[in-house]
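Peer 1: Top to bottom, those sequences are chains A and B.
Per my numbering: the first sequence ends with 322, consecutive numbering throughout.
Per my numbering: the second sequence ends with 519, consecutive numbering throughout.
We treat Cβ as the ideally placed atom computed from N, Cα and C, and that holds for glycine.
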Amino acid sequence: MLKYASRRVLIAVVLLWVIASLVFAFLHLLPGDPVLIILGSEGGSQAPSPDQVVAVRHALGLDRPLPEQYGRWLAQLGRFDLGTSLYDSTSVTSDILGRLPTSLQLIAVAVALAVAGGIAIGIAAARRRGTWVDAALSGVLASGLSIPVFVVGTLMVLVFGVLLKWVPIGGYVPFTRDPAAYLRQLVLPAVTLAFSLLGIVGRITRGSVLEVMHQEYVRTARAKGLSEARVLTRHVLRTALIPIVTVIGFQFGILIGGTVLVEYVFNWPGISTLLFTAIQRRDYPTVQGVVLVTSALFILINMVVDLSYAALDPRIRYEGGA
Amino acid sequence: MTRARLRKWVVAVALTALLGAGATWDLLPAPGAPEPPLIFGLSAEPVNLDPNLSVGAAAQTVKMQLYSGLFRFGTGGTVQNDLVASYEQPTPTTYVFHLRRNLKFSDGSPLTATDVAFTFERIADAKVGAYLRTLLGGVQSVDVVDPQTVKVTLSAPDAVFTTLLALPQAAIVSKAFALAHNDDLKAATLGEGPYVLGEWQRGVQLTVERNPNYYQRGLPRTSEIRFVFYPDDNSRFAALESGAVDMIEYVPWQDISAIRANPEFGYQGTPGPFMYLQFNVTQAPFNDARVRRAMGYAIDRDAIVKTAFFGRGTPIYGLPITKGNLAYDPALDHYYTYDPAKAKQMLGEAGFANGFTATLLSTSQYGMLKDTAQVVQQNLNAIGEHVTLALPDWATRIATGNAGRYQFAASGAVGDYPDPDFLTVYFHSGPTYYNYTTGYDDATMDAMLSMARGMLDPAGRAAMYGRIERKALDDAPYIFLNYREQGYAYKKSVGGFRILPGFLVFYTAGTLDTITVTN
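If you want it as structure tokens, here you go:
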């Protein structure tokens, strides 16, 4: 188990280096020049003078040969320093630390809601397969899958924010400052995000439960007189959970850095918006930092998911240990 | 999973749902709170707060609360004294500025002539990247006469010098503070404006609070402004409608009619920014002025105003110079018309009887630029041309334009100041810049523009601009299309707001100090 884990960590480090190098290369291949954006092409009509372009480029170190910039950046990474933003001289690490937790909170709550709702709907639909209940629930799941998140979000804002005025239409207050306000602000984005996840989780659950329900050991469990609830929780769900957990882990990873639309519509200050604006402005250090950190989390989550299989299914053991 | 664990899990889910439902209580602040803040829906998070840089209108709105300059634009758009009490111009190239007495930065430290001189140096320093460096390039020397008096010597007379000093990018910074911060004022701020920076919650909002050392007694009238960032047009508008903010900028065009009809809100808008086609005059087909002039007749400006701006705009058939401007000439207002048959005929005379093939550069990142380009494409293809669109993201659009790798482009801009000298950046030769024509380099035009800026007598200037305008329209390195409306909407509880007219609309934020908010 330990050997397995340490090998996974080593692979993860190599993967991160590959990702870092690819991001660096692609970013610098992209057309677009941050120096010109800094010098006013986001809002001014005066062209910067050529010597200003040269001087600012030099001050930011962007006039050095690419291999040198790459080497400097890797050396920085070795010291766990992600550099500073080209635009506001703040450290990328602190920008990410400020934004990542808000994203993770939103994703965690959305995933929790989606898992609770998705598993419940999935089981209900599977147990009444072929009935109108199944059709109705599958319809809900399909709409969760197919309606784009910005449509759901905008509708939520319109109905619950503007028309009913039940919840604020967007924004963010730190939990530590005002827990009630924090939760109010969290509702709409979390539900919006959960709705699309609900489709995925629900459909996987329905399929997985259907498959397991016809296994012989389930029939045996029923035959020995177990209550239906006990059959479901102890025998059906436990086996059916493996593909569900895989999907949840995968979706969680995708969402880190992938919630930009929800963050944008609800003004939720997460890491996706940071990445999005950084790409638009060609803020190289910020883009590189965010991609690296989100990739690291993605890899980490996948490792946790792999390890959780062993807990869910006694037949899965790594390297014969544990 | 045991039954006990399942139960725990169900309870947890139920609790979450309850918390969500409970979250609907007390949305509004307690009534009767003294001095409500102004909550302003800003269209973007400021990129940084260096007052001498230009990084977009949203950042400018915030910076104008924190900083003041020697002059300012008052309501109506005239240049007024701000930090200067008075000034003399003993010779055409010398200005002596007398600062107000007892000026202080917000931390209480004195603001003196030394800080003014330092600001001029800072703007001239290439590595700072100051926006006005080229425009203020005529400043030869700045002398501190005494702590309250500064003498500025120019290399040549400059009709727009005080106008330039009224631009927000000419804000005065503290020498001691800048040096203490390694001249990096992107995040660290010390100004003399009506407000001081409160808290900046990254990605969420930025608060400014009343500056106790502001020189104008009784201002600002509102103790605090909370700028909440709403980059999404729909969200920003919904924030106003739902009552989350008191006021928004950049009212989306599709919502202007609705807000004007709604008695709960006030709205003020002005035509100011404008749209145009810019040509790369070094490449066929637009290296031929006849082809460029034909474009002046080929484009249906009304269609652009309707489709890209929901009717909130006005066509331009000449140059973007309006009544009231020194250089306004009604005879030039309709230099072009919408006449596709005439355009077709002119193109035939220029050797393109079977149509030309060209790519129109714009961007997919901003709807108004994309929509404008699409109308232009349709108009031209309808008369037999073969126009394709290139719609990269904005950063790529800039890079492509700066490299001159395009044939023509659909662009939008605003003049920096209402003086006709704003034409200089459009028509004077210079390095290729993404927003301006590529390759238009005319010695006569250059000379006339420089002369007009150096003339201090208005009648003489007006005559000179008359010649410039005729040549600009005839050479046609640009075809101007339309003004677009720029608007602010606010709750009826907001009082004292007055939008600045025309090009100055983006400096309206400089007048927020007189706004009041009632409960």
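#1: At least one CB of chain A closer than 8 Å to the CB of Phe177/B: is that the case?
#2: Can you tell which of Gln407/B, Pro285/B, Gly495/B has its C-alpha closest to the C-alpha of Phe522/B?
#3: If we cut at 8 Å on Cβ distances, does Gln52/A have a partner in chain B?
#4: Give the interface partners of Gln280/A over in chain B, defined as CB-CB distance under 8 Å, in chain order.
#5: Helix, strand or coil: how does DSSP classify Pro29/B here?
#6: Please list the residues of the segment 111-136 of chain B that have a C-beta atom closer than 9 Å to any C-beta atom in chain A, keeping them in chain order.
#7: List in chain order: all unbroken beta strand (DSSP E) runs of 3+ residues lying wholly within the segment 342-411 of chain B.
#8: Let me confirm a value: Glu121/B is counted as buried when at least 16 other C-beta atoms fall within 10 Å, else exposed. Which label applies?
#9: What are the boundary residues of the beta strand (DSSP E) that Lys491/B is part of?
#10: Measuring only the C-alpha atoms, how far is Met247/B from Pro168/A?
#11: Under 8 Å, Cβ to Cβ, is there at least one residue of chain E near Thr90/A?
#12: Near Gly269/B, which residues of its chain fall below 6 Å by C-beta distance, leaving aside the five closest residues on each side in sequence?
#13: State the DSSP-derived secondary structure class of Met247/B, mapped to helix, strand or coil.
#14: Counting only Cβ pairs nearer than 9 Å, list the residues of chain A close to Ala244/B.
#15: Three or more C-beta pairs closer than 8 Å, one from the segment 451-461 of chain B and one from the segment 186-202 of chain B: is that the case here?
#16: Please tell me whether Ala478/B and Thr437/B are closer than 8 Å, where the distance is taken between their beta carbons.
#17: Give the range of the alpha helix (DSSP H) segment to which Trp200/B is assigned.
#18: Scan the segment 223-249 of chain B for residues whose Cβ lies nearer than 8 Å to a Cβ of chain A and list them as they occur along the chain.
#19: Among Thr363/B, Pro320/B, Ala489/B, Glu385/B, whose alpha-carbon lies nearest the alpha-carbon of Tyr417/B?
#20: Tell me where the beta strand (DSSP E) around Met275/B begins and ends.
#21: When you compare the CB of Lys186/B with every CB in chain A, is at least one pair closer than 8 Å?
#22: Could you pull out every residue in the same chain whose Cβ sits closer than 8 Å to the Cβ of Val494/B, ignoring the five residues on either side in sequence?
#23: Quick one: is Arg315/A near chain B, going by C-beta distance under 8 Å?
#24: Alpha carbon to alpha carbon, how far is Lys63/B from Ala23/B? Give it in angstroms, no decimals.
#25: What are the residues of the segment 423-438 of chain B that lie near chain A, defined by any Cβ-Cβ distance shorter than 8 Å?
#26: Given a limit of 7 Å on CB to CB distance, which residues of the segment 63-92 of chain A reach chain B?
#27: For Ile398/B, decide whether its Cβ has a neighbour in chain A, counting only Cβ atoms nearer than 8 Å.
#28: Hey, Tyr338/B and Arg301/B are a contact pair by Cβ (cut 8 Å); roughly how many whole angstroms apart?
#29: Rounded to whole angstroms, what's the CA-CA distance from Pro29/B to Ile123/B? Just pull it up for me.
#30: What are the start and end residues of the beta strand (DSSP E) that includes Lys151/B?
#31: Quick check on Lys492/B: buried or exposed, where buried means 16 or more other Cβ atoms within 10 Å of its Cβ?
#32: Could you tell me whether the Cβ of Thr192/A comes closer than 8 Å to any Cβ of chain B?
#33: Under 8 Å, with one C-beta from each stretch per pair, do the segment 232-249 of chain A and the segment 149-159 of chain A reach the 3-pair mark?
#34: Enumerate in chain order the residues of its own chain whose CB-to-CB distance from Ile123/A is below 6 Å, with the five nearest sequence positions on each side excluded.
#35: If you check the beta carbons only, do Ile256/A and Thr286/A fall under 8 Å apart?
#36: Out of Ala20/A, Ile107/A, Thr205/A, state which residue places its alpha-carbon closest to the alpha-carbon of Asp134/A.
Peer 2: Judging by the given coordinates:
#1: no
#2: Chain B is shown only over 1 to 519; residue 522/B falls outside these bounds and no answer can be derived.
#3: yes
#4: Gln365, Asp393, Trp394, Ala395
#5: With a pLDDT of only 43 at Pro29/B, under the threshold of 50, the placement of this residue in the model should not be trusted; the figure read from the coordinates follows. Looking at Pro29/B - three-state DSSP - the assignment turns out to be coil, as it is neither helix nor strand.
#6: Asp125, Ala126, Lys127, Val128, Gly129, Ala130, Tyr131, Leu132, Arg133, Thr134, Leu135
#7: 357-361, 386-390
#8: exposed
#9: 478-491
#10: 16 Å
#11: Going by chain labels, chain E is absent from the structure shown, which instead holds the protein chains A and B.
#12: Glu485, Gly487
#13: strand
#14: Gly161, Pro168, Ile169, Gly170, Gly171
#15: no
#16: The sequence shown places Tyr at residue 478/B, rather than the Ala named in the question. It is a contact, given that the beta carbons lie within the stated cut-off.
#17: Taken as a continuous stretch (DSSP letters only), Trp200/B belongs to no alpha helix (DSSP H), being part of the beta strand (DSSP E) at 195-201.
#18: Val228, Phe229, Tyr230, Pro231, Asp232, Asn234, Ser235, Ala238, Ala239, Glu241, Ser242, Gly243, Ala244
#19: Pro320/B
#20: 265-279
#21: yes
#22: Leu38, Asp246, Met247, Gly266, Ile515, Thr516, Val517
#23: no
#24: The pLDDT assigned to Ala23/B is 38, lower than 50, so where the model puts this residue is not dependable; a value taken from the coordinates is nonetheless given after this. So the two alpha carbons sit approximately 35 Å from each other.
#25: Val425, Gly430, Pro431, Tyr433, Tyr434, Asn435, Tyr436
#26: Tyr87, Asp88, Ser89, Thr90
#27: yes
#28: 6 Å
#29: Unreliable placement is indicated for Pro29/B, whose pLDDT of 43 sits below 50; no coordinate value is reported for it.
#30: 149-154
#31: exposed
#32: no
#33: no
#34: Val209
#35: no
#36: Thr205/A
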